[in-house]
Amino acid sequence: MAKSMTQAIRILLVDDEAMIRESSRRLLSARGFQVLEAENGQAALDVLSKSLIDIILLDLKMPVMGGEEFLRVIRASHPDIPVIIITGHGTLDTAVECMKKGAYDFITKPFEIDHFLLTIDKAIEKRNLEQKSKQYQEETVRNLIELSTEKKRLETIITCMANGLMVTNRNMEIVLHNPALLRHLGISEDLSNPIPVSQVLHDETLVETLKRIQSGQVPEKEFFSQEIHVGSKILRAISTPTLGPDRNVFWAVAGTVTVLEDVTAFKQLDQIKSDFLNMVAHELRSPLVSVRQLNSVLLEGLAGPLLGKQQDFVRKTVNKIDALLGLINDLLDVARLEAGRLVRQQAAVDVGKIIEEMVTLMEPRAKEQNIDLTYSCGDLKPILADPKNIEEVLNNLLSNAMNYSPDGGKVTVAAQGVDQFIEIKVSDTGVGIPAEEIPKIFEKFYRVKHPKTRHITGTGLGLSLVKGIVEAYHGSIGVESVPGKGTTFTIILPAMKTEG
Ligand SMILES: Nc1ncnc2c1ncn2[C@@H]1O[C@H](COP(=O)(O)OP(=O)(O)OP(=O)(O)O)[C@@H](O)[C@H]1O
Ligand SMILES: [Mg+2]
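Using this note's numbering, you'd call the opening residue of the sequence shown number 17 and step up by one each time.
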């Protein structure tokens, strides 16, 4: 054992024979131990009450308090200190008896030096091992306490959450839930644990989502959001996988976590807002249409000729009224889209024909702006749609292409059939859209703030409508743009299934 290790070790030598104490002390001090002495049990107790002791060497026969009695006392007060009995041949039986009562070992007087030191080294080792094991035990207890505190804290958080929480295991059984979940799902009694998800959730699409997550075919950090209806309530469910160790692969999907939020009130407010918008737009439109008609009558000279600047003013008025009517129509369309009433009548629509019509309609404006407006259509299958919706999509994309292009630019519409789909591309050579703005341009009322386009008027509803319509027909819309060079919007719509 290294000297620096033994230096700190304190040995208490309890013997009434001064000579034995003296010789032992010399031996032990030479080995680097710190030695304290006592001439009987009582004196040893005094030392113990004042100093920290690692090992005790104990004689049996002593006046005042003998070794046996001392051992009995300190086994209760200092059970961790190893005690080595020093015994003569006459007291060997007593020494053995002491070992049964908790002494660590004994050495017989007169002792052999090597044996004496070996016994002490063994006792030190035992003491070190015991101390280490005690430390581990204390650490384990501390960790367990921390763990259970953390668990209690989590339980309280989960119980107090306003949102419903549901955790499932690999077998699609609910293994954890909170009171809010029961409240949101309208369940009055507590659930047995575990319980199959399908017995608790009656929304098949959500059960399907959880199955898909559980199958491990979805990215692990993905969140799945969907709305479910429970009675008159609307709940937003956000679900994600949880991972756990697995025999074959290191981590695998071990279940799912779903948080349910009650969004009924938001939905009602949203509905009130939509209804209000719808009502206001309707009320505004009728008088505006009359004003528009009266002005047209004036413009055509049916109420007498217009003099000088009058003609110009009335034309400008008509243009402004048309812009206002456009806005009102957009607002009404948004309200219809949100209420799911945008698609009114479906028929086989010839997209090529609509493109031709819309381009023809835009030609005068293109000429005014000196824009080269062209189109090309391959052989297209019809699509099943409300033609008004398709016109609206093209009208918005073409207006944008011309609005956001400088005079002298180029705008093209190209349509072609791709498998069971129809692909329509509207391209321009205009100002383009910065990459970071692209995800936002489909939001309602969003307009890119750019000094070059500041003068262009608009409400930011056009693209949200286009996207809404395209998605209502199970299609998709994408955009590619290079600022300063131009933009291409691509729409893909499913073609009508042809028989045979
Ligand atoms: N072809 C395009 N080139 C460049 N920017 C475009 C193009 N199309 C759309 N944008 C940008 O996207 C924004 C949103 O377009 P959106 O059609 O929704 O609204 P708007 O044209 O501003 O208004 P409106 O509701 O009258 O159509 C526009 O404000 C514009 O900044
Ligand atoms: Mg627009």
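The beta carbon of each residue, even a glycine, is placed where N, CA and C say it ideally should be. Fair warning: this is a prediction, and the values are worked out from it, not measured in the lab.
A Cβ-Cβ contact shorter than 9 Å links G433 with E439. Here L400 is near Q362, since their CB atoms are less than 9 Å apart.
Comparing alpha-carbon positions, the option among K237, M188, G247 lying closest to V213 turns out to be M188. Counting the other CB atoms within 10 Å of its CB gives L479 a total of 16 or more, which places it among the buried residues. Relative to ligand 2, the beta carbon of N345 is positioned no closer than 8 Å to any heavy atom.
Every beta strand (DSSP E) of 3 residues or more that sits fully in the segment 173–246 is shown, in chain order, as 180–184, 189–193, 240–246.
A direct Cα-to-Cα measurement between K336 and K441 gives close to 30 Å. Residues K117 of the same chain have their beta carbon placed closer than 8 Å to that of R88, with the five preceding and five following residues left out of the count.
The beta carbon of I100 lies closer than 8 Å to those of I71, I72, L73, L74, A119, Y120, D121, F122, I123, T135, I136, A139 in the same chain, with the five residues before and after it left out.
Summarising the contact set, residues whose Cβ lies nearer than 7 Å to any heavy atom of ligand 2 are, in chain order, N412, S415, N416, N419, G474, G478, L479.
For R26, the enclosing beta strand (DSSP E) begins and ends at 26–30. Spatial neighbours of F240 in its own chain (CB-CB distance under 6 Å, excluding positions within 5 residues in sequence) are listed in chain order as T225, S255. Rounded to the nearest angstrom, the gap between the Cα atoms of R169 and Q147 is 33 Å.
Contact between the segment 412–432 and the segment 377–391 is present, with at least three C-beta pairs closer than 8 Å. Here K289 has no same chain residue with a Cβ atom under 7 Å from its own Cβ, once five neighbours each way along the sequence are excluded. According to DSSP, P499 shares a beta bridge with no other residue. Residue burial is scored here from C-beta neighbours: A364 has fewer than 16 other C-beta atoms within 10 angstroms and is therefore classed as exposed. DSSP links F122 through a beta bridge to I101.
Of all alpha-carbon atoms in T428, E354, L318, L348, the one lying nearest the alpha-carbon of I371 is that of T428. In this structure P303 is exposed. Its beta-carbon is surrounded by fewer than 16 other beta-carbon atoms within 10 angstroms.
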